[in-house]
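Here the structure comes first, spelled out in structure tokens, and everything after it is commentary.
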Amino acid sequence: MSVFKKHKSIVLKEIDRPSASMPKAYRLLSPLTPREAVFFNEQQAVAAFNEEIEKLNQQN
0 MSVFKKHKSI VLKEIDRPSA SMPKAYRLLS PLTPREAVFF NEQQAVAAFN
50 EEIEKLNQQN
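Here the sequence shown is numbered in numbering that gives the first Met the number 0, starting from 0 and rising by one per residue.
This is how it looks when you write it as structure tokens:
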């Protein structure tokens, strides 16, 4: 897995694909979310990543 985006403790990683024919997938890791979230759409993944940053900023 390679880091796609990172902001403090929030990380969005691109999941390694076993074959090129598989769709890209992204895993969101955040201390604000009780579990990992997986997305198969880059726009949705980035939107969720940005939402987590907003939540983090509101806490500070």
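A virtual CB, placed ideally from N, CA and C, is assigned to each residue, including glycine.
Asked, Found
"Taking Pro30 as the reference, which of Pro17, Asp15, Ser8 and Ala47 has the closest Cα?", "Ser8"
"Taking the straight line between their C-alpha atoms, what separation do you get for Pro33 and Leu27?", "11 Å"
"Between Leu11, Val37, Lys23 and Gln58, which lies nearest to Asn49 when the distance is taken from Cα to Cα?", "Leu11"
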